[in-house]
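2 protein chains.
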Amino acid sequence: MKADALRGHLDPMILAVVEAAPLHGYAIMEALLERSGGELDLPTGTLYPALRRLERAGYLASEWSTVGGRKRRTYQLTSAGHKMLATGKTEWQTFRAVVEGVLRPDTP
Amino acid sequence: MKADALRGHLDPMILAVVEAAPLHGYAIMEALLERSGGELDLPTGTLYPALRRLERAGYLASEWSTVGGRKRRTYQLTSAGHKMLATGKTEWQTFRAVVEGVLRPDTP
DNA sequence: GGCTACATGTAGCGTTTCTACATGTTGGCT
DNA sequence: AGCCAACATGTAGAAACGCTACATGTAGCC
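Heads up: the sequence lines are chains R and W, in that order. Just so we're aligned: the first sequence equals residues 1 to 108 in the numbering used here. Just so we're aligned: the second sequence equals residues 1001 to 1108 in the numbering used here.
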């Protein structure tokens, strides 16, 4: 899978895993890896800035905690985040229809 | 649809419409618009540079012609372009599976 | 004369993902 | 003790590419 095919699609995916349960960054990485069947192995340099961006945008809220001597920043969806996720899901459906509408004819 | 959701997905779409029939830039725009049900209305500043990029990469070959006093650059797929399109289609399937695997749980 | 559709192109911006680096803890293996 | 993997978070800088805005010109209709 090409590197930046993700562009614009990562945000709703992050919001989706956080919606299911509040998680910290590392756990979000694992959740994405699991839900994608091992395909989506984000580098930390992608995930952590993305989380900060989503928080800055008001879609996520974070809280520090310490578990087993390790510091975790746990994220949860804000109400704006819920709305954004819903929007993202419908936008995905549109996008998927567009791509497949163009790619579809004579797909072997 | 967000601006750069297209990133990395535009190339196979262009190759797909050119595969069906060799077309010039303007006609490619129209074909994309039609196949996408009016959703994919590319600005010329996106399409023309993309075509040049695809030609430079060896996936398209172009030829000038004049029709009704208008100059057209008509593009057709090279054999590398055919392969790239096939690759792009399978990559799309993977990508789609990844996104939907992540987004799917509890989609209302 | 002016407008719309046809037709191609460039310059520069902005966003986001990536690579590479930086730091520190816990626990298991040898 | 020493080492390494997994856990955990983060920053700096580069690269890619789609977008806006601009630039140019023809054909045909009102």
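Beta carbons: idealized from backbone N, C-alpha and C, even for Gly.
1. Could one say the Cβ of threonine 46 (chain R) lies closer than 9 Å to chain W's Cβ atoms, at least one of them?
2. Mapping DSSP to helix, strand and coil, what is serine 1036 (chain W)?
3. Using alpha carbons as the reference points, say which of W:Tyr1059, W:Ala1057, W:Ala1005 and W:Tyr1075 lies closest to serine 1065 (chain W).
4. Looking at the secondary structure, which residues open and close the alpha helix (DSSP H) in which leucine 6 (chain R) lies?
5. From tyrosine 1048 (chain W) to glycine 38 (chain R), what distance separates their C-alpha atoms?
6. Just mark methionine 29 (chain R) as buried or exposed, buried being the case when its beta carbon has 16 or more other beta carbons within 10 Å.
7. Would you kindly work out how many angstroms separate the C-alpha atoms of glutamate 1055 (chain W) and glutamate 1034 (chain W), rounded to a whole number?
8. Taking the beta carbon of valine 102 (chain R) as the centre, do at least 16 other beta carbons fall within 10 Å, making it buried, or is it exposed?
9. Can you tell me which residues form a DSSP beta bridge with valine 67 (chain R)?
10. Any beta carbon of chain W sitting closer than 9 Å to that of lysine 2 (chain R)?
11. Figure out for me which residue from R:Ile14, R:Met1 and R:Arg7 has the closest Cα to the Cα of proline 1105 (chain W).
12. Would you please verify whether the beta carbon of arginine 35 (chain R) is less than 9 Å from any beta carbon of chain W?
13. Among all the DSSP beta bridges, which residues are the ones paired with histidine 1024 (chain W)?
14. Starting from methionine 1084 (chain W), trace the alpha helix (DSSP H) in both directions and tell me its first and last residue.
15. Along chain W, in chain order, which residues have C-beta atoms closer than 8 Å to that of lysine 5 (chain R)?
16. Could you say which of R:Pro22, R:His9 and R:Val17 lies nearest to threonine 90 (chain R) if we only look at CA atoms?
17. Output needed for leucine 42 (chain R): all residues of its chain with C-beta closer than 7 Å, excluding positions within five of it in sequence on either side, in chain order.
18. Would you verify that the beta carbon of glycine 25 (chain R) is, or is not, closer than 9 Å to some beta carbon of chain W?
19. Taking 7 Å as the limit between beta carbons, can you name the residues of its chain near methionine 84 (chain R), skipping five residues before and five after?
20. Quick one: residues in its chain with C-beta nearer than 6 Å to the C-beta of arginine 1072 (chain W), no 5 flanking neighbours on either side, listed in chain order?
21. Alanine 1111 (chain W) bridges to which residues according to DSSP?
In this structure, then:
1. no
2. coil
3. W:Tyr1075
4. Taken as a continuous stretch (DSSP letters only), leucine 6 (chain R) belongs to no alpha helix (DSSP H), as it is neither H nor E.
5. Going by the C-alpha atoms only, they are around 36 Å apart.
6. buried
7. 23 Å
8. Classification for valine 102 (chain R): buried.
9. R:Arg70
10. yes
11. R:Ile14
12. yes
13. Per DSSP, W:Thr1074.
14. 1079–1103
15. In the sequence on display, residue 5 (chain R) carries alanine and not lysine. Under a criterion of Cβ atoms nearer than 8 Å, the residues of chain W adjacent to alanine 5 (chain R) are, in order, Arg1007, Gly1008, His1009, Glu1091 and Phe1095.
16. R:His9
17. So the qualifying residues of the chain are Met29 and Leu32.
18. By this cut-off, glycine 25 (chain R) is not an interface position.
19. Leu15 and Tyr59
20. His1024 and Ser1065
21. This structure does not reach residue 1111 (chain W), given that chain W is present from 1001 up to 1108, and the question cannot be answered.
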